[in-house]
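Below: one structure, written as structure tokens.
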Amino acid sequence: YSYYRRHIGSSIDGYQFILRYRFSNMAGYIGGMGCHRLWYSWNDFSPFIFSIAILPTLLFVLPVAYFTEKNINIGVYIFGFLGSFYGFAVAAFWCVLVFSFFMAKADATSLIPMLIWSYNLAGGLLGWLTQKEQLAGGGVASSTAAFYCQVGYIVMMLMVILLDASHLDIFIVFSIIVFVGLIIQSSRAVILYRIQQSERYLL
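Note that this note's numbering has the sequence shown beginning at 468, numbered continuously upward.
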């Protein structure tokens with residue numbers, strides 16, 4: 468592990484490697500080799516697809532920059548919220564898509580391995596995207612979205628295992644968790660913006 472950690476160079480990629488290594492044998496023996504093929508097929512193509520899906524968030528950056536320069540706070544709040552909402556929505560949709568797909572392929576013997584592999588795929592991709600944005604100098608909103616989506620995903624897993632809840636109930640709870648994250652992120656962004664504006668006026 469230390470060898471791969473040094474060469475991978477990030478805790479997120481190291482985390483993904485550990486999950487792959489520790490659970491691959493279990494998934495193979497319990498869930499069958501189809502579980503391996505399913506996970507690796509999604510893992511190969513999902514970063515590209517997700518990157519394309521998240522690109523429209525850039526459409527909200529220019530209006531925010533314009534309204535910030537013109538000191539039109541309401542415009543900053545509206546387009547900033549819409550940008551965050553879209554990012555959260557894409558992340559949430561990705562988690563629901565992965566969860567639904569893997570649960571449709573799971574049976575009584577492969578349920579736990581499928582849940583673990585699906586979480587690794589959904590959460591690992593969100594973590595990868597967050598790391599890329601942080602290296603580019605941003606990533607606060609994406610890290611918040613990734614965190615609450617990952618928490619929501621864990622709750623969905625627990626509801627399947629412990630409560631045998633319906634998919635509708637699971638998705639409602641997941642949506643509530645993600646929505647709370649969106650409100651927290653938006654509130655924090657407004658507070659930081661107002662602090663920056665106050666400092667700007669003082670200068």
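Ideal placement from N, C-alpha and C gives every residue a C-beta, glycine not left out.
Cβ neighbours of residue i in the same chain (closer than 7 angstroms, five flanking residues each side left out)
i    : result
S609 : G554, L596, T597 and E600
V645 : F555, A559, Y615, C616 and G619
L649 : S551, F552 and F555
M624 : L582 and Y586
beta-carbon residue i near the ligand PLP non-hydrogen atom, thresh 7 angstroms
i    : result
T611 : Summarising the ligand content, the structure contains no ligands, and the ligand PLP is consequently not present.
Own chain residues within Cβ distance below 6 angstroms of residue i, not counting five before or after
i    : result
A573 : M581
V543 : V531, F534 and T535
S633 : none
Residue i - DSSP class collapsed to helix/strand/coil
i    : result
T611 : helix
S567 : helix
D636 : helix
G498 : Its pLDDT being 49, under 50, G498 is placed unreliably by the model, and the measurement read from it follows with that caveat. Looking at G498 - three-state DSSP - the assignment turns out to be helix.
A573 : coil
A539 : It is worth fixing the name first, because residue 539 is Ile in this sequence and not Ala. Note: I539 maps to coil in three-state DSSP.
Candidates the options, of which the one nearest residue i by Cα
i    : options                   : result
V622 : A612, T611 and V640       : V640
A613 : I541, A532, N540 and C562 : C562
A656 : T611, D631, R667 and L630 : T611
Same chain, Cβ closer than 8 angstroms to residue i, five either side skipped, listed in chain order
i    : result
V528 : G550
* **Any 3 or more C-beta pairs closer than 8 angstroms across the stretch 582-589 and the stretch 564-571** => yes
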